[in-house]
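My numbering numbers the first residue of the sequence shown as 41 and each following residue consecutively. To start, the structure itself, in structure tokens.
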Amino acid sequence: MSSVSTASNAVSGSYTLHHGNARQLLQQYPDSHFDSLVADGPYELGFMGRAWDRSGIVNDPAFWAECLRVLKPGAHLVNFSHARTYHRMACAVEDAGFELRDQLMWLYGSGFPKSKNLAGDWDGWGTALKPAHEPIVLARKPLEKGLTVADNVAKWGTGALHIDACRVNPGEFTKTGGRSSRGHGGVYGDGMAPSGFEAHDNGRWPANLLHDGSAAVLAGFPDEAGARAAVLGTEPSSSSKMGPHVYDGGQMRNQARERRDDLGSAARFFYCAKASRADRNEGLPSYDAPAVGSNATMGQRERADWPARNGNHHPTVKPTRLMRWLCRLITPPSGRIVDPFAGSGSTGKAGLLEGFDVVLMELQAEHLPLITGRCDHALDVRRRYLAQLARQARIGTQTTLFSLAS
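Listed below in structure tokens is the structure:
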């Protein structure tokens with residue numbers, strides 16, 4: 041086993057990379073050490089013939105019990121999985137002592153169906169659907185015994201979700217009538233305030249559904265009455281007591297009115313496309329030679345020499361923007377994240393860009409250069425961003441970290 045560390049400060053964050061088995065590496069850390077766990081663990085499918093994707097580790101309650109030990113009371117974890125194997129992973133997490141708080145769903149339109157298509161009399165039949173989502177478990181270590189959530193957060197900094205840091209479409213709303221997500225009888229996540237109230241300037245309440253913004257996904261979310269479609273007054277919810285009303289035949293109905301140009305679709309959730317080539321390869325050498333043709337089969341994709349095109353040859357890279365959102369959601373400011381399955385360093389890159397300290401563990405030696413390259417690049421971006429902020433503070437201008445990183 042080996043490790044690589046970087047210097048830490050309270051602003052720019054740091055990372056420590058361990059090479060070895062997470063089961064043993066976690067034992068090196070004391071109880072209640074980490075503020076959160078953010079991971080994209082094995083899906084236990086043997087994906088593309090990879091041995092590390094069929095070890096059974098994420099289905100083992102003993103592994104998650106070790107994760108529970110090193111997390112602070114009230115600390116959250118998020119871990120990606122697959123539709124076919126999520127249940128086993130989630131049960132193992134719960135059996136280890138975590139509370140299952142939610143299941144997040146990341147929808148995307150670029151999945152490739154791995155189906156055996158039949159011929160002859162059974163032409164048109166196959167064995168699989170096109171994958172279009174990945175489930176993410178959201179779990180929490182129990183609060184310290186006898187403490188409320190507020191008390192636990194005050195003592196440990198953990199136990200709650202950072203809602204305002206993860207709101208969707210910040211700055212979208214103005215004073216308006218309508219529904220509320222803040223205790224005024226409205227729909228969870230709607231983000232509209234009732235008459236006389238001002239909507240939250242920071243955007244919509246984050247939901248447990250995330251998507252990639254692709255046309256295939258957005259097509260499943262039609263324009264919603266009151267958003268881009270007009271309110272006709274005959275909708276199924278038109279007898280609601282919310283919003284302007286008229287009396288029709290002795291019944292109170294929603295008053296027909298023009299669209300409110302809210303956002304345009306029911307898909308008003310956090311969106312993030314799958315990792316782009318630029319996102320995958322930042323900090324790594326990459327080349328222009330295509331690994332497969334545009335109409336390649338799944339078998340050809342599995343046998344392709346991906347390193348010939350991509351500096352980042354890991355097969356399951358998650359987008360940085362999505363990982364940053366998850367890191368912000370469950371990690372307190374200046375917190376310490378652990379990722380037992382570092383892969384190509386997506387959690388590390390995301391956590392560093394957010395200013396967190398990150399401890400990464402990776403079993404496969406061939407992935408270590410990917411992690412260090414991407415994390416070193418993220419540290420450089422973060423430091424340049426902070427230096428630019430300092431310069432702009434002196435001259436009165438402003439920038440964002442998103443202008444310097446994925």
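Virtual Cβ for every residue (Gly too), placed ideally from N, Cα, C. Owing to the predicted nature of the structure, the values given are computational and were not obtained by experimental measurement.
Are the beta-carbon atoms of residue i and residue j separated by less than 9 Å?
| i | j | result |
| --- | --- | --- |
| E106 | G96 | no |
| D75 | T188 | no |
| K389 | T360 | yes |
| D379 | A79 | yes |
| S54 | P113 | no |
| L362 | L250 | yes |
| F309 | A259 | no |
| P153 | L169 | yes |
| P430 | L392 | In the sequence on display, residue 430 carries Ala and not Pro. No. |
| A62 | F396 | no |
| L400 | L57 | yes |
| I377 | L77 | yes |
| W196 | A136 | no |
| R414 | G385 | yes |
| V110 | W104 | no |
| N209 | R244 | yes |
| H59 | L408 | yes |
Would you mind sorting residue i into buried or exposed? The rule is 16 or more other CB atoms within 10 Å of its CB.
| i | result |
| --- | --- |
| A190 | exposed |
| C131 | exposed |
| T387 | buried |
| A102 | exposed |
| P82 | buried |
| A233 | Note that A233 scores a pLDDT of 37, beneath 50, so its modelled location is shaky; the value from the coordinates is reported in the next line. With 16 or more other Cβ atoms within 10 Å, it is buried. |
| T412 | buried |
| N119 | buried |
| N157 | exposed |
| K185 | exposed |
| R434 | exposed |
| G166 | exposed |
| H127 | exposed |
| G436 | exposed |
| G375 | buried |
| W146 | buried |
| E238 | Residue confidence is low: E238 scores 45 on pLDDT, short of 50, so the model does not pin down where it sits. No coordinate-derived value is stated. |
| R424 | exposed |
| R320 | buried |
| Q432 | exposed |
| R317 | exposed |
| A427 | exposed |
For the putative contact between residue i and residue j, defined by C-beta atoms under 8 Å, what is the C-beta separation to the nearest angstrom?
| i | j | result |
| --- | --- | --- |
| G149 | D252 | 6 Å |
| A179 | R207 | No, A179 and R207 are not in contact; Cβ-Cβ is about 22 Å, not under 8 Å. |
| E406 | G383 | 11 Å between Cβ atoms; not a contact. |
| Which parts of the region 122-185 are runs of the alpha helix (DSSP H), unbroken and 4 residues or longer, counting only runs that do not cross its ends? | Within the region 122-185, the complete alpha helix (DSSP H) runs of at least 4 residues are 126-135.
| query | Quick one: any contact between the region 168-185 and the region 121-134, if contact means 3 or more CB pairs under 8 Å? | reply | Segments in contact, yes.
| request: Could you name each continuous alpha helix (DSSP H) segment of 4 residues or more that falls completely within the region 58-87, going from the start of the chain to the end? | output: Complete alpha helix (DSSP H) runs here, min 4: 62-66.
| task | Please specify which runs of the beta strand (DSSP E), each continuous and at least 3 residues long, are wholly inside the region 413-440, giving them in chain order. | result | As far as the region 413-440 is concerned, it has no whole beta strand (DSSP E) run of at least 3 residues.
| alpha helix (DSSP H) segments (min. 4 residues) lying fully within the region 375-419 | Taken in chain order, the complete alpha helix (DSSP H) segments of 4 or more residues contained in the region 375-419 are 386-393.
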